[in-house]
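The numbers in this note's numbering rise by one with no breaks, and the one at position 39 of the sequence shown is 33. In this text, a Cβ means the ideal position worked out from N, Cα and C, and glycines have one as well.
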Amino acid sequence: MKMKLSNEDISSVRVRQIERISGEDVRKCYQCGNCSGGCPVSFEMEIPPSQVVRFLQLGRVDEVMAANSMWVCVGCLQCYSRCPKGVSVAAMLEALRQTVLRKGEDFEKIKDLPYPFLKKAPQQALVCGFRKFVS
Ligand code: SF4
Ligand code: SF4
């Protein structure tokens, strides 16, 4: 993918906001790829964990926001446990989700889910899901 970079992108206020919410410093990542290698769901992500960090390092927040990665992440913290730099991509993805949900944009709506699904789904999965997808 070709992309143009500017100083404004790299010192993006939006990236600093993600860092504030997550408590992480995107610049600590040196792109070893261990997080993506261990992530059990990276194959389903449009942008895998290590590349999420890379996009943030480059100030490319729009690309990360448009990708499904933050919604696919199951919060298992495998990425954090494998990172030699102690970076938590999980926390960054959670921060990205928070920035969407704080705008009041629900990713899922309970009323849109079919009743047979709600009846059969494990309660814990429902609670986890709605903490993640509903503001
Ligand atoms: S916390 Fe999310 S990004 Fe990290 S390994 Fe688990 S599923 Fe992947
Ligand atoms: S494991 Fe850590 S240092 Fe390596 S790419 Fe992932 S976040 Fe960056």
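In this structure, Ile4 sits away from Gln92, with a CB-CB distance that is not shorter than 9 Å. Not one heavy atom of ligand 2 lies closer than 8 Å to the C-beta of Val94.
A distance criterion of 8 Å places the beta-carbon of Ser30 in contact range of ligand 2, judged by its closest non-hydrogen atom. Between Cys73 and Val83, the gap from beta carbon to beta carbon is short of 9 Å. Relative to ligand 1, the beta carbon of Leu71 is positioned inside 8 Å of a heavy atom.
Within the same chain, Asp19 and Val20 come within 7 Å of Glu13 by CB-CB distance, once the 5 residues on both sides are set aside. Within the region 24 to 61, the complete alpha helix (DSSP H) segments at least 4 residues long are 28 to 32, 43 to 51 and 55 to 60, listed from N- to C-terminus. C-alpha of Cys26 to C-alpha of Glu38: approximately 20 Å in a straight line.
Contact between Val35 and Phe49 is absent: CB atoms are separated by about 18 Å, not below the 8 Å threshold.
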